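These protein sequence lines map, in sequence, to chains A and B.
Just so it is clear: in the first sequence, position 306 is 305 by numbering that gives the first Met the number 0, and no numbers are missing.
Just so it is clear: in the second sequence, position 418 is 417 by numbering that gives the first Met the number 0, and no numbers are missing.
Where is the CB? At the ideal position from N, CA and C, for every residue including glycine.
Since we're looking at a predicted model, the values are computed, not measured.
Following: one structure in structure tokens, then a few remarks.
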Amino acid sequence: MLSLLTATALAVARLDQLFAAVMLFGIYSLLSAALFVVMDAVDVAFTEAAVGAGIAIILMLGALALTSHKQHPVPRSRHWMALSVVVITGAALIYGTLDMPLYADPNAPAHLHVVPRYLQQSMQEIGIPNVVTSVLASYRGYDTLGETVVIFTAAVGVIGRLGIVPEGKVGPKTGGMEHHLILRITAKLMLPVILVFALYVQFHGDFGPGGGFQAGVIFASAFILYGLVFGMESVTTVAPPVVVRSLAAIGVLIYAGVGVVSLLMGSNFLDYNLLGHEPTHGQHLGIFLVEFGVGVTVAASMISLFYAYASYQREK
Amino acid sequence: MISTQLPALQVVIPLLAGPTCLLLHHSRLSWGLATSASWVALFISLALLDQVLATGPISYELGGWAAPWGIEYRIDEINAFVLLIISGISAITISFARASIEHEVHNKQVYLVYTGWMLCLSGLLGIAITGDVFNVFVFLEISSLSSYLLISLSRDRRALTAAFRYLVMGTIGATFILIGIALLYMMTGTLNMSDLAARIPSVSDTRTVKIAFAFLTAGIGLKAAMFPMHFWLPNAYAYAPSAISALFAGTATKVAIYLLLRFFFTIFGVEFSFETMKLDRILLPLALAGIFVASTVAIFQTDIKRMLGYSSIAQIGYMVLGVSLVSVTGVTAAILHLFNHALMKTALFVALGCVFFRVGSVTRGDLAGIGYAMPWTMGAFVLGGLSLVGIPLTVGFISKWYLIVAALEQQMWWLAGLVLISSLLALVYVWRVIEIAYFGTPGDRSTEIKEAPATLLIPTWILITANIYFGVDTSLTVGVAERAAQALLGNVS
Numbered sequence: 000m001l002s003l004l005t006a007t008a009l010a011v012a013r014l015d016q017l018f019a020a021v022m023l024f025g026i027y028s029l030l031s032a033a034l035f036v037v038m039d040a041v042d043v044a045f046t047e048a049a050v051g052a053g054i055a056i057i058l059m060l061g062a063l064a065l066t067s068h069k070q071h072p073v074p075r076s077r078h079w080m081a082l083s084v085v086v087i088t089g090a091a092l093i094y095g096t097l098d099m100p101l102y103a104d105p106n107a108p109a110h111l112h113v114v115p116r117y118l119q120q121s122m123q124e125i126g127i128p129n130v131v132t133s134v135l136a137s138y139r140g141y142d143t144l145g146e147t148v149v150i151f152t153a154a155v156g157v158i159g160r161l162g163i164v165p166e167g168k169v170g171p172k173t174g175g176m177e178h179h180l181i182l183r184i185t186a187k188l189m190l191p192v193i194l195v196f197a198l199y200v201q202f203h204g205d206f207g208p209g210g211g212f213q214a215g216v217i218f219a220s221a222f223i224l225y226g227l228v229f230g231m232e233s234v235t236t237v238a239p240p241v242v243v244r245s246l247a248a249i250g251v252l253i254y255a256g257v258g259v260v261s262l263l264m265g266s267n268f269l270d271y272n273l274l275g276h277e278p279t280h281g282q283h284l285g286i287f288l289v290e291f292g293v294g295v296t297v298a299a300s301m302i303s304l305f306y307a308y309a310s311y312q313r314e315k
Numbered sequence: 000m001i002s003t004q005l006p007a008l009q010v011v012i013p014l015l016a017g018p019t020c021l022l023l024h025h026s027r028l029s030w031g032l033a034t035s036a037s038w039v040a041l042f043i044s045l046a047l048l049d050q051v052l053a054t055g056p057i058s059y060e061l062g063g064w065a066a067p068w069g070i071e072y073r074i075d076e077i078n079a080f081v082l083l084i085i086s087g088i089s090a091i092t093i094s095f096a097r098a099s100i101e102h103e104v105h106n107k108q109v110y111l112v113y114t115g116w117m118l119c120l121s122g123l124l125g126i127a128i129t130g131d132v133f134n135v136f137v138f139l140e141i142s143s144l145s146s147y148l149l150i151s152l153s154r155d156r157r158a159l160t161a162a163f164r165y166l167v168m169g170t171i172g173a174t175f176i177l178i179g180i181a182l183l184y185m186m187t188g189t190l191n192m193s194d195l196a197a198r199i200p201s202v203s204d205t206r207t208v209k210i211a212f213a214f215l216t217a218g219i220g221l222k223a224a225m226f227p228m229h230f231w232l233p234n235a236y237a238y239a240p241s242a243i244s245a246l247f248a249g250t251a252t253k254v255a256i257y258l259l260l261r262f263f264f265t266i267f268g269v270e271f272s273f274e275t276m277k278l279d280r281i282l283l284p285l286a287l288a289g290i291f292v293a294s295t296v297a298i299f300q301t302d303i304k305r306m307l308g309y310s311s312i313a314q315i316g317y318m319v320l321g322v323s324l325v326s327v328t329g330v331t332a333a334i335l336h337l338f339n340h341a342l343m344k345t346a347l348f349v350a351l352g353c354v355f356f357r358v359g360s361v362t363r364g365d366l367a368g369i370g371y372a373m374p375w376t377m378g379a380f381v382l383g384g385l386s387l388v389g390i391p392l393t394v395g396f397i398s399k400w401y402l403i404v405a406a407l408e409q410q411m412w413w414l415a416g417l418v419l420i421s422s423l424l425a426l427v428y429v430w431r432v433i434e435i436a437y438f439g440t441p442g443d444r445s446t447e448i449k450e451a452p453a454t455l456l457i458p459t460w461i462l463i464t465a466n467i468y469f470g471v472d473t474s475l476t477v478g479v480a481e482r483a484a485q486a487l488l489g490n491v492s
């Protein structure tokens, strides 16, 4: 699988046709997702599949639609500069791997220091079976708040650059593909399934792979599908741009708000223990709320990005 | 009770203000909110610095989980000082920003500036305050993404290419930093800074740790615009809105320099960084090359903001030079220059912001005779410029003084000489602006140009006063910088 990954990466680098390159990127992401599954990192694989192979491709296609499908030729001299930087970086990485602990070595430092406590105590301290979620949302919950803010910032960046659909001006009704009967029926069948699956991923993150990030992306993809098939006007009626943009901010505020509540209750920022009648209950509630905040921000940010791309094209 | 929660509030208040500015969706209201949040952050950082100086380093466990399992905020002399620099510069420039931003940014996007500003502020503060290397990366992403946004919001179309270039270079830098952090985690199993410092020595002879060191140095160096990785900086500063240039000049690269100090001295330790890796032998020539090349290029710039951008690269060279001397005085000089350069460069950018507000341009030709039309603004620029050159009674002199003392301590007479010569280059480029502003023949429009309004002039003069005050009374700055340098170098010996 690694060799397939390398082959795909080389093909992407060599292609001039950006459309094909984007498609190959999707394959690359799916391959890495499969690789993560082999490594038993199912949560990571899930994220990679949902983000890398799913929403990222749609956004890249959106960017292509605004720019061009062909790459501009770059003068040869520039190639050498770039190539030498890449070669030096690659060589450094390979040199660095020489002394790395072997893959799956049980004595590797990464398995011996902080990880044992996560694996052994998480059930008593936090009380949820999925250790990844307990690390992500509680032990290192502050990093996750930061990541949520990163996504929010990215959405604000694109809104700032491209603008978002102005109120009451969403373009002609013939934007979508309503006249394609098969597409329309299939989309209608898929939409509820996608939405329910997103909710399942959102609320099942404590017990199995999943959580706010993946759920948010899946939730957003339902709206994007709706927008692509039924046109921008329909989707902006269901989810007005102003509401979506505000939700992106509200999700961050929900997450940080949980932290503020824990501050007000006299414990440290994002310490969930006091939120419930007993520590594990508090942890459950805290994780539930912050994952909800993540889901809201991610879904709203992704939909905003889609709106920004779609509406920008329309204004030209 | 509240005082124990100050470390969290330092970052969380601007972090909450960011999304709220977006929700407000109103130029003035979001400015008001952002300004209050900024000033609150300044008072928190003053309280934290006071607490650190009185009782020693503060540790705060986020989520109530003890390090290294949870994320720790750890504040000692140096990052308390850096927090003060960031929040102070932000508070003063945002007070300046209202009129300036309304003039330079499209009306509908003004609230986005303050959303971005708050996110950027919380990102920078988050990098400086944390004791966890992965947390550094997360907040670095917040500050970087928001700074690309802030630069690109300028009405000047060239800001878009500048922001894109910064985005590409910044992303490469961030990726390098992430690779470095991942390699360190692989070899030590921890992300906490003090835990890393304790565990690295046992694995420091592995190639993986050496490569991690190289990736971190290159990545942070890129973020700090260390010569020769500075190409993104001049255009980004030149085409961003004036208030944003002023904010970045005082904060963004400073935080990167702080990270370098943190990684070199606290995490890897002096012995590894400077004896095993011989880093000083690379840093010293690069710092000198940076100082001379960038100062020379600055002389030939016609856009004054670009000129100041190149000057910033040279000034970063002075900081790196101080670090490369690996002595308490050298590091003191570097830390002092962090503070002092933030004061002078922000003052200069803010003064240029006043010029841009009235003239609509900051190219050399358009500044002819402006010294008489805008006496207060150009007076501020002249004083800030003198500080940049390093004239006695300004902060610039204090930094140079400590740098020269540090060089002389190691019998490096030639180095002290080179620092003096480089100051002459600074004098040349500052003089070229003064010359045109006071002795140039005024153009046709010069009679229409009035002095900038008081809302712009007051923050400018606060900064200029600070330039002179801290140039005379150095007890706070030198005291803190010396203690910080001793703490950084004392870790090993």
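Can you find the residues in the same chain that come closer than 7 Å, C-beta to C-beta, to residue i, ignoring five residues on each side of it along the sequence?
{"i": "leucine 8 of chain B", "result": "Ile43"}
{"i": "valine 429 of chain B", "result": "Gly384, Leu387, Val388"}
{"i": "valine 167 of chain B", "result": "none"}
{"i": "serine 19 of chain B", "result": "Correcting the residue identity first, residue 19 of chain B is threonine in this sequence and not serine. Around threonine 19 of chain B: Leu32."}
{"i": "serine 151 of chain B", "result": "Ala158, Leu159, Ala162"}
{"i": "isoleucine 91 of chain B", "result": "Pro458, Ile461, Leu462"}
{"i": "tyrosine 503 of chain B", "result": "Only positions 0 to 492 of chain B appear in this structure, which leaves residue 503 of chain B out of reach."}
{"i": "leucine 488 of chain B", "result": "Phe264, Val269, Val327, Val330"}
Among the options, which residue has its Cα nearest to the Cα of residue i?
{"i": "alanine 453 of chain B", "options": "B:Gly31, B:Gly478, B:Phe356", "result": "B:Phe356"}
{"i": "isoleucine 56 of chain A", "options": "A:Ala44, A:Ala19, A:Thr88", "result": "A:Ala19"}
{"i": "alanine 16 of chain B", "options": "A:Met22, A:Thr152, A:Ala219", "result": "A:Thr152"}
{"i": "valine 295 of chain A", "options": "A:Leu263, A:Leu227, A:Ser245, A:His280", "result": "A:Ser245"}
{"i": "tryptophan 116 of chain B", "options": "B:Arg198, B:Ala98, B:Leu144, B:Glu481", "result": "B:Leu144"}
{"i": "tyrosine 308 of chain A", "options": "A:Val228, A:Ala298, A:Ile223", "result": "A:Ile223"}
{"i": "proline 458 of chain B", "options": "B:Ala245, B:His340, B:Tyr401, B:Tyr309", "result": "B:Ala245"}
{"i": "valine 241 of chain A", "options": "B:Ser94, B:Ala379, B:His24", "result": "B:His24"}
{"i": "phenylalanine 338 of chain B", "options": "B:Ala197, B:Ala98, B:Ala480", "result": "B:Ala480"}
{"i": "threonine 393 of chain B", "options": "B:Tyr371, B:Leu462, B:Thr362", "result": "B:Leu462"}
{"i": "threonine 331 of chain B", "options": "B:Gly478, B:Thr376, B:Gly442, B:Arg280", "result": "B:Gly478"}
{"i": "glycine 62 of chain B", "options": "A:Ile181, A:Val130, A:Gly281, A:Val157", "result": "A:Gly281"}
{"i": "methionine 228 of chain B", "options": "B:Thr189, B:Gly169, B:Asn78", "result": "B:Gly169"}
I think residue i touches residue j, with their Cβ atoms under 8 Å apart; what is that distance to the nearest whole Å?
{"i": "serine 58 of chain B", "j": "arginine 73 of chain B", "result": "5 Å"}
{"i": "alanine 46 of chain B", "j": "leucine 83 of chain B", "result": "Contact doesn't hold; Cβ gap of about 10 Å is too wide."}
{"i": "serine 137 of chain A", "j": "tyrosine 271 of chain A", "result": "6 Å"}
{"i": "threonine 362 of chain B", "j": "glutamate 450 of chain B", "result": "Not really, about 20 Å apart at Cβ, beyond 8 Å."}
Which residues in the same chain have their Cβ closer than 8 Å to the Cβ of residue i, if we skip the five residues on either side of it in sequence?
{"i": "tyrosine 27 of chain A", "result": "Leu4, Thr7, Ala8, Val11, Gly51"}
{"i": "lysine 172 of chain A", "result": "For lysine 172 of chain A, the predicted model reports a pLDDT of 46, less than 50, meaning its position is unreliable; a value from the coordinates is still stated below. Contacts found: Gly230, Glu232."}
Given a threshold of 16 other Cβ atoms within 10 Å of its Cβ, counted over all protein chains shown, does residue i qualify as buried or as exposed?
{"i": "phenylalanine 438 of chain B", "result": "exposed"}
{"i": "leucine 107 of chain B", "result": "Per the sequence shown, residue 107 of chain B should be read as lysine rather than leucine. Its Cβ having fewer than 16 others within 10 Å, lysine 107 of chain B is exposed."}
{"i": "glutamate 277 of chain A", "result": "exposed"}
{"i": "serine 121 of chain B", "result": "buried"}
{"i": "histidine 340 of chain B", "result": "buried"}
{"i": "tyrosine 236 of chain B", "result": "buried"}
{"i": "leucine 188 of chain A", "result": "exposed"}
Just to confirm the assignment, what range does the beta strand (DSSP E) spanning residue i have?
{"i": "glutamate 60 of chain B", "result": "57-61"}
{"i": "isoleucine 303 of chain B", "result": "Not the beta strand (DSSP E): isoleucine 303 of chain B falls in the alpha helix (DSSP H), residues 303-323."}
{"i": "glutamate 495 of chain B", "result": "This structure does not reach residue 495 of chain B, given that chain B is present from 0 up to 492, and the question cannot be answered."}
State yes or no: is the C-beta of residue i nearer than 6 Å to some heavy atom of the ligand NAP?
{"i": "isoleucine 243 of chain B", "result": "Among the ligands in the structure shown, none appear at all, so the ligand NAP cannot be discussed."}
Quick one: residues in its chain with C-beta nearer than 6 Å to the C-beta of residue i, no 5 flanking neighbours on either side, listed in chain order?
{"i": "alanine 219 of chain A", "result": "Ala298, Met301, Ile302"}
{"i": "valine 208 of chain B", "result": "Met186, Val202"}
{"i": "glycine 215 of chain A", "result": "Gly294, Val297, Ala298"}
Where does the unbroken alpha helix (DSSP H) through residue i begin, and where does it stop?
{"i": "arginine 157 of chain B", "result": "157-187"}
{"i": "proline 115 of chain A", "result": "114-124"}
{"i": "glutamine 201 of chain A", "result": "180-203"}
{"i": "leucine 23 of chain B", "result": "5-23"}
{"i": "leucine 347 of chain B", "result": "327-358"}
Is the Cβ of residue i closer than 7 Å to any Cβ of chain C?
{"i": "glutamine 409 of chain B", "result": "Of the chains in the structure shown, none is chain C; the protein chains are A and B."}
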